[in-house]
Amino acid sequence: MIKVEVELPAQSAKSYPIFIGQNLLDDVYGIIQKHTNARRFLVVTNDTVYSLYGEKLKSDMSEFIILPDGEIYKNMDMLNRILDKALEIQLERNDAIIALGGGVIGDMAGFAAAIYQRGIDFIQVPTTLLAQVDSSVGGKVAVNHALGKNMIGCFYQPKVVIADTLTLNTLDERQFKTGLSEVLKYAYIEKSCNDKEVYNLFEFLKDYKDEILSKDSEILADLIEICCRLKACVVNQDEKEKGLRAILNFGHTYAHAIENLTHYEKYTHGEAVSIGMKAIFNLAYSLDYISEDYYISSVQLLDDYGLITELIDKFDVDEFYNAMFSDKKVADKKINFIMPIKEKEVAKKNNIDKNLVVQGIL
Ligand code: NAD
Ligand code: GLY
1 MIKVEVELPA QSAKSYPIFI GQNLLDDVYG IIQKHTNARR FLVVTNDTVY
51 SLYGEKLKSD MSEFIILPDG EIYKNMDMLN RILDKALEIQ LERNDAIIAL
101 GGGVIGDMAG FAAAIYQRGI DFIQVPTTLL AQVDSSVGGK VAVNHALGKN
151 MIGCFYQPKV VIADTLTLNT LDERQFKTGL SEVLKYAYIE KSCNDKEVYN
201 LFEFLKDYKD EILSKDSEIL ADLIEICCRL KACVVNQDEK EKGLRAILNF
251 GHTYAHAIEN LTHYEKYTHG EAVSIGMKAI FNLAYSLDYI SEDYYISSVQ
301 LLDDYGLITE LIDKFDVDEF YNAMFSDKKV ADKKINFIMP IKEKEVAKKN
351 NIDKNLVVQG IL
């Protein structure tokens with residue numbers, strides 16, 4: 001079992017561990033009870049994940065709420081359902097909420113834990129690659145609003161994250177690729193994370209492509225560890241996204257516009273992100289921020305992993321550009337882009353000509 005510690009600034013919530021390995025669900029309460037004093041648990045999950053892994057979390061200490069599956073259900077109604085259930089079963093201040101599922105469940109359950117009785121303990125049990133490398137770590141919790149993604153939420157750190165890599169075996173190809181999109185993101189931003197360690201994730205992804213795509217469990221565990229270490233390093237420097245943490249949104253400014261315009265139904269989050277990353281590489285190259293070699297090798301990596309890089313839909317230029325303003329990275333009415341500027345390095349850029357912005361994607 002691999003352990004990664006998420007160190008947080010002293011004035012903030014306590015630091016917490018991420019455990020990565022096989023069969024961790026077999027003793028999930030054994031791990032959980034070392035990190036919370038809670039004695040009762042509300043497990044938040046969806047019908048798909050419940051049918052696969054619900055049994056493993058059943059115990060006389062836990063009750064379940066099983067929500068419908070899908071990003072379209074990441075909303076205030078479902079949040080209310082979780083809170084209703086917590087009240088019905090009289091979940092108390094010292095009890096805890098467990099998120100069992102992907103990023104949708106993790107974000108919603110975490111937000112419910114943050115606001116129920118002004119905050120109760122929260123445990124992340126991520127079951128998608130995306131959730132294991134990204135959304136379960138770092139404490140961003142939220143639901144979507146009709147006018148924008150993740151617009152209602154807060155920062156609320158879990159007590160422990162338990163990533164059982166065996167759960168990835170039941171993920172379909174599309175969802176696995178969706179997670180790989182966020183994995184590649186770390187390769188493109190590695191140097192900007194300021195980690196003392198050099199992981200050379202870009203090269204790791206090139207060298208172990210076949211093992212990763214065939215879900216070799218040891219290589220996958222190493223891959224998840226690298227991503228979690230990079231994310232933990234960024235969160236340690238900037239927990240509440242006052243600056244550096246925005247680099248984790250590489251490709252996301254385009255992605256959030258795509259998801260919003262297609263009502264979260266057509267593309268998965270990761271697909272929108274891979275299209276967004278190609279678009280930002282196009283933009284950076286057209287602005288001469290990056291060399292031709294780096295542009296080609298970066299886009300090649302997206303292709304090597306079979307990630308979607310082109311929009312199927314045709315959008316009107318103004319419609320698309322306006323949708324980009326619903327992103328949380330908009331400040332002073334300017335769109336802030338996390339732009340590749342060198343190999344594996346990014347920087348925040350704004351005041352970019354609208355035509356160039358949309359040419360990168362439409
Ligand atoms: P998801 O939660 O919708 O899960 C994808 C699909 O996989 C769902 O149908 C789910 O039921 C199914 N699934 C989950 N685990 C499975 C398993 N082991 N086997 C088979 N099927 C399984 O999507 P996601 O990609 O995990 O997460 C996307 C969400 O995460 C978005 O809402 C995004 O905004 C959010 N996110 C949050 C952060 C953060 O920092 N909080 C970061 C990135 C993304
Ligand atoms: N996934 C973006 C973040 O955690 O900040």
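Just so you know, our numbering puts 273 at position 273 of the sequence shown, and the rest follows in order with no gaps.
Quick reminder that beta carbons are idealized off the backbone N, C-alpha and C, glycines included.
Helix, strand or coil, according to DSSP, for residue 202 in the structure here?
The answer is helix: DSSP assigns residue 202 an H, G or I state.
Run of the alpha helix (DSSP H) containing residue 228, from where it starts to where it stops
217 to 237
For my contact list, residue 10 and residue 44 are in at a C-beta cut-off of 8 Å; report their separation, rounded to the angstrom.
The Cβ separation is near 30 Å, so there is no contact.
Excluding the five sequence neighbours on either side, which residues of its own chain have a C-beta within less than 8 Å of the C-beta of residue 15, listed in chain order?
For residue 15, the CB contacts under 8 Å within the same chain, skipping 5 residues up- and downstream, are 5, 6, 7, 8 in chain order.
Alpha carbon of residue 239 to alpha carbon of residue 17, nearest angstrom
When rounded, the distance between both Cα atoms is 16 Å.
What residue range is occupied by the uninterrupted alpha helix (DSSP H) comprising residue 270?
269 to 286
Let me check understanding here. Comparing Cα to Cα, which of 317, 343, 26, 88 lies closest to residue 167?
26
Tell me, please, which residues DSSP counts as bridged to residue 124.
99, 161
Just tell me which of 91, 246, 152 has its CA closest to the CA of residue 348.
246
May I ask whether a heavy atom of the ligand NAD can be found less than 7 Å away from the beta carbon of residue 198?
no
How many angstroms separate the CA atom of residue 256 from the CA atom of residue 263?
10 Å
Pick out whichever of 12, 59, 23 has its Cα sitting closest to the Cα of residue 217.
23
Where does residue 192 sit, in a helix, a strand or coil, going by DSSP?
helix
Taking C-beta to C-beta, are residue 342 and residue 258 nearer than 8 Å?
No; because the gap between Cβ atoms is not below 8 Å, this pair is not in contact.
Run through DSSP, which three-state label would residue 145 get?
Three-state DSSP puts residue 145 in a strand.
Under 8 Å: do the segment 67 to 75 and the segment 141 to 161 share three or more Cβ pairs, one atom per stretch?
yes
Which residues bound the beta strand (DSSP E) around residue 345?
345 to 349
Does the distance from the C-beta atom of residue 21 to that of residue 165 stay below 8 Å?
Their beta carbons are under 8 Å apart, which means residue 21 touches residue 165 by this criterion.
Taking 8 Å as the threshold (C-beta atoms), are residue 302 and residue 278 in contact?
yes
Would residue 280 and residue 337 be called neighbours here (beta carbons separated by less than 8 Å)?
For residue 280 and residue 337, yes; Cβs fall inside 8 Å.
Please state if the CB of residue 102 and the CB of residue 124 are separated by a distance shorter than 8 Å.
no
Could you work out which residue in 93, 97, 39, 52 is closest to residue 65 when comparing CA atoms only?
97
Can you find a heavy atom of the ligand NAD that lies under 7 Å from the Cβ of residue 105?
Because some heavy atom of the ligand NAD lies under 7 Å away, the Cβ of residue 105 counts as near it: yes.
Which value, in whole angstroms, describes the spacing of the CA atoms of residue 275 and residue 32?
Looking at the two C-alpha atoms, the distance is approximately 37 Å.
Who are the near neighbours of residue 321 in its chain, counting only those whose CB is closer than 7 Å to its CB and skipping five residues on each side?
The residues are 354, 357, 358.
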